[in-house]
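Right, one structure below, let's go through it.
2 protein chains.
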Amino acid sequence: MGALPTIHDVARVAGVSRQTVSNVLNSPGIVRPDTRDRVTTAIAELGYRPHESARRLRTRKSSTIGIRIDPMTDGISGSVLDRFLHALTEQAAAQGLRVMLFTATDPDDEIRQFARLRDGADVDAFVLTSTFHGDPRTEWLIANEQSFVTFGRPWGIDDMNDPAHLWVDVDGWWGLHEATTALLAQGKRRIGYIGWPSPSGTGDDRRRGWHDAMTASSGLTDAQLTPLAIATPDGVTPGGAALRALLAGRPGVAPVDAVVCASDSLALGALIASAGSIPVIGYDDTPVAQALGLSSVEQPLDEVASGVLELLTGAHRGRPDTGPTSDPRHRLVRPRLVLRSPAPLPAA
Amino acid sequence: MGALPTIHDVARVAGVSRQTVSNVLNSPGIVRPDTRDRVTTAIAELGYRPHESARRLRTRKSSTIGIRIDPMTDGISGSVLDRFLHALTEQAAAQGLRVMLFTATDPDDEIRQFARLRDGADVDAFVLTSTFHGDPRTEWLIANEQSFVTFGRPWGIDDMNDPAHLWVDVDGWWGLHEATTALLAQGKRRIGYIGWPSPSGTGDDRRRGWHDAMTASSGLTDAQLTPLAIATPDGVTPGGAALRALLAGRPGVAPVDAVVCASDSLALGALIASAGSIPVIGYDDTPVAQALGLSSVEQPLDEVASGVLELLTGAHRGRPDTGPTSDPRHRLVRPRLVLRSPAPLPAA
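For the record, the sequence lines run as chains A and B.
For the first sequence, the residue numbers in UniProt numbering are 1 to 348.
For the second sequence, the residue numbers in UniProt numbering are 1 to 348.
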């Protein structure tokens with residue numbers, strides 16, 4: 001199948017420069033008729049689609065958004081990105097925009113896909129997910145003047161406020177702060193935290209939400225809080241193991257009386273391991289949490305999608321600066337705490 | 001944003017016929033230079049992308065596949081189509097094909113999207129899901145000579161073997177037959193079935209799998225089997241209610257000793273309602289089933305995706321006729337029964 005033809009291919013086949021191809025497409029009157037014929041014949045033969053960037057510059061509108069879709073996973077929390085993709089596609093369609101999917105094996109491969117989609121004129125802007133500090137993808141997109149918005153902060157101190165990097169993210173700090181505060185209001189004091197190893201932009205942010213709420217209201221010192229937090233890989237089994245360790249306590253460390261988690265996968269493991277003996281709150285409000293009555297933190301994906309589209313289409317310009325960085329190009333949206341009572345579940 | 005320009009728009013702006021535009025793109029030598037200039041100028045002004053169908057006919061290859069993505073749902077079983085989309089995009093990328101998403105509110109709207117994507121030259125072929133008998137979408141695609149493959153049978157007696165309708169589907173009959181047979185082998189005899197109301201192509205097919213296995217080996221008559229099957233809307237709560245009714249029995253009808261379900265949502269409700277007292281088998285092997293240790297029937301979505309792509313790209317031609325309809329254009333793939341022991345779960 002191979003890559004789509006580019007303007008370079010047309011130029012090569014027609015035996016002309018890239019500028020001449022561009023002239024034929026944009027100012028055919030200035031090109032000699034025989035040259036014009038060679039170029040239009042090459043365009044037709046190759047099935048080349050004229051690059052849309054010229055049109056986009058004129059209209060300040062793009063019509064196709066590229067987004068990477070990750071390899072099929074059977075995880076619980078992976079459904080969040082699927083739900084974001086649904087919300088983005090629905091809202092994009094309502095604005096006459098389309099969504100093109102691609103896959104990539106790693107960030108460098110994703111950059112190769114950016115270049116391929118740009119050259120094939122298939123995509124006018126990119127939406128990126130799973131951002132991280134020093135992300136080479138956003139550096140490449142900025143350097144190559146490609147439109148993009150990320151769902152996720154850049155997570156670096158300097159680049160978080162970079163005006164060239166438009167982003168929308170969910171305030172994980174706030175979500176965990178709310179969850180912890182709700183448990184404190186129920187009279188819980190030794191609230192544990194199960195999350196991921198540092199450094200993790202998202203994970204560290206969520207842990208700080210728990211930590212700040214505990215520092216404010218639990219009466220526990222930093223030294224007392226440290227053993228209540230467990231860092232572990234994501235998953236149901238690690239979540240269960242972490243909860244058992246927190247429930248067992250150890251010399252000088254009393255058991256926890258509730259737990260908040262960085263994901264529903266961890267929370268599900270904790271829910272099963274606790275056998276309902278203590279409250280557990282997860283994160284992402286996945287279908288699993290909804291089905292089992294697990295409390296969780298819901299990411300407002302419709303709001304994220306509309307924010308992403310607003311930034312992509314430039315509709316944010318002229319809005320008041322309401323973001324946390326006082327810049328409408330950077331938008332942090334608040335998640336929603338969903339408290340539930342777990343359903344009665346069968347014993348083994 | 002509006003729809004992308006079509007060849008009709010180019011013709012209108014240039015003040016020529018559609019055929020003339022086509023000539024400029026395909027045989028520019030036969031068009032008068034001034035006409036050619038008007039057309040190329042209109043193409044550049046509008047940002048029109050020459051339709052790829054001519055190229056596709058020459059090369060017998062397409063480069064972009066359109067697929068509808070449904071509104072965001074929070075259901076459990078909806079993840080199957082997301083996982084199919086992941087598998088399809090991954091395998092398409094490996095063949096140099098891309099996947100374009102669109103949304104539609106109903107089948108008629110989906111047909112409007114087909115026409116729009118065809119006219120915009122954005123999509124060379126369509127993949128359809130959630131097929132049904134008398135589906136107007138497939139009728140339109142056949143009448144309009146658009147390439148398409150469905151994940152799902154047409155479900156009509158006549159159209160199931162229509163050579164113009166290429167399809168791949170998972171053999172739900174076989175999945176439920178395997179699940180029921182596995183329970184019969186464990187000594188269960190009064191195996192209930194919880195599924196959806198008739199008519200439902202997929203649902204009726206799965207029920208027949210249970211029914212045929214029971215008729216062959218349970219020793220129960222048709223009259224005895226009838227009260228063991230419950231039809232209900234999909235969902236965790238309806239699944240629980242159905243299981244309670246089957247467990248309660250009634251005058252002349254003994255309780256069930258196991259149950260197979262048309263979906264994991266129904267099975268999860270049954271699992272919770274049964275409190276682990278009888279074996280429950282679901283369908284789709286969703287993340288929920290995997291997390292909770294629920295037995296289920298796994299749809300081989302990688303195999304479905306590769307079958308769909310093989311039919312789309314024409315790679316099936318020349319293959320031996322191994323399908324159930326003795327036609328390589330119609331492929332039924334076998335699901336896999338995954339037996340598990342439910343995890344210990346917390347009581348309320």
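C-beta atoms are modelled at their ideal positions from N, C-alpha and C, and glycine is treated no differently.
Nothing here was measured: the structure is a model prediction, and the numbers come from that model.
*Name the chain B residues that come within less than 9 angstroms of residue 308 of chain A, Cβ to Cβ?*
Those within 9 angstroms of residue 308 of chain A in chain B number zero; the least Cβ separation is about 15 angstroms.
*chain B partners of residue 268 of chain A, CB-CB under 7 angstroms?*
291
*Report the rounded CA-to-CA distance for residue 334 of chain A versus residue 116 of chain B, giving the unit in angstroms.*
37 angstroms
_Buried or exposed by the 16-neighbour rule on C-beta atoms within 10 Å, applied to residue 66 of chain B_ = buried
*Mind checking residue 339 of chain A: buried by the 16 CB within 10 Å criterion, or exposed?*
exposed
*Can you tell me where the alpha helix (DSSP H) with residue 65 of chain B in it begins and where it stops?*
Per DSSP, residue 65 of chain B belongs to no alpha helix (DSSP H); it is in the beta strand (DSSP E), 64 to 68.
*Any contact of the region 169 to 179 of chain A with the region 237 to 251 of chain A, i.e. 3+ C-beta pairs under 8 angstroms?*
no
_Quick check: what's the CA-CA separation for residue 164 of chain A versus residue 6 of chain B?_
34 angstroms
_Closer than 8 angstroms to chain A by CB, residue 312 of chain B_ = no
*In angstroms with no decimal places, state the Cα-to-Cα distance between residue 9 of chain B and residue 37 of chain A.*
22 angstroms
_Can you tell me whether residue 285 of chain B is buried or exposed? The criterion is at least 16 other CB atoms within 10 Å of its CB, across all chains shown._
buried
*Short-range partners of chain B found in the region 167 to 187 of chain A, where Cβ spacing is below 9 angstroms*: none
*What do you get for residue 341 of chain B, buried or exposed, if any count of 16 or more other CB atoms within 10 angstroms of its CB means buried?*
exposed
*Would you list, in sequence order, the uninterrupted beta strand (DSSP E) runs of no fewer than 3 residues that lie entirely inside the region 202 to 283 of chain A?*
229 to 231, 258 to 261
*Okay, do the region 283 to 302 of chain B and the region 79 to 87 of chain B touch, 3+ Cβ pairs below 8 angstroms being the bar?*
yes
_Here's a check: name, in chain order, each residue in its chain whose Cβ is nearer than 6 angstroms to the Cβ of residue 289 of chain A, leaving out the five neighbours to either side._
264, 282, 296
*Please list the partners that residue 330 of chain A has in chain B, where partner means a Cβ-to-Cβ separation under 7 angstroms.*
None at all; the shortest Cβ gap to chain B is about 24 angstroms.
*Could you tell me whether any Cβ in chain A is nearer than 8 angstroms to the Cβ of residue 44 of chain B?*
yes
_Coarse secondary structure for residue 156 of chain A, derived from DSSP in three states_ = coil
_Within chain A, partners of residue 102 of chain B - CB distance below 7 angstroms_ = 93, 98
*Taking only beta-carbon positions, decide if residue 339 of chain B is within less than 8 angstroms of chain A.*
no
_Pull the bridge partners of residue 140 of chain B from the DSSP assignment, please._
Paired residues: none, contrary to the question.
*CA-CA distance, residue 64 of chain B and residue 196 of chain B?*
35 angstroms
*Would you list the one or two residues that DSSP bridges to residue 129 of chain A?*
A:151
*asked:* Just to confirm my understanding: we take residue 39 of chain B, look at its own chain, exclude 5 residues before and 5 after, and list those with CB closer than 7 angstroms. What are they?
replied: 10, 14, 16, 20, 21, 24
*Tell me residue 194 of chain B's beta-bridge partners as DSSP assigns them.*
B:230, B:261
*For residue 274 of chain B, does the count of other Cβ atoms within 10 angstroms reach 16, so buried, or fall short, so exposed?*
buried
*Could you tell me how far apart the beta carbons of residue 149 of chain B and residue 311 of chain B are, in whole angstroms, since I believe they sit closer than 8 angstroms?*
5 angstroms
*Just tell me which of A:328, A:237, A:256 has its CA closest to the CA of residue 218 of chain A.*
A:256
*Any C-beta of chain B under 8 angstroms from that of residue 203 of chain A*: no
*asked:* For the region 230 to 244 of chain A, list every residue whose C-beta sits within 7 angstroms of some C-beta in chain B, in sequence order.
replied: 236
*For residue 98 of chain A versus residue 102 of chain B, is the C-beta spacing smaller than 8 angstroms?*
yes
*Where the region 115 to 132 of chain A meets chain B: residues whose CB sits under 7 angstroms from a CB there*: 122
*By the 10 Å Cβ neighbour count, where 16 or more other Cβ atoms means buried, how is residue 329 of chain A classified, buried or exposed?*
buried
*Tell me, please, whether the CB atom of residue 86 of chain A is closer than 8 angstroms to any CB atom in chain B?*
yes
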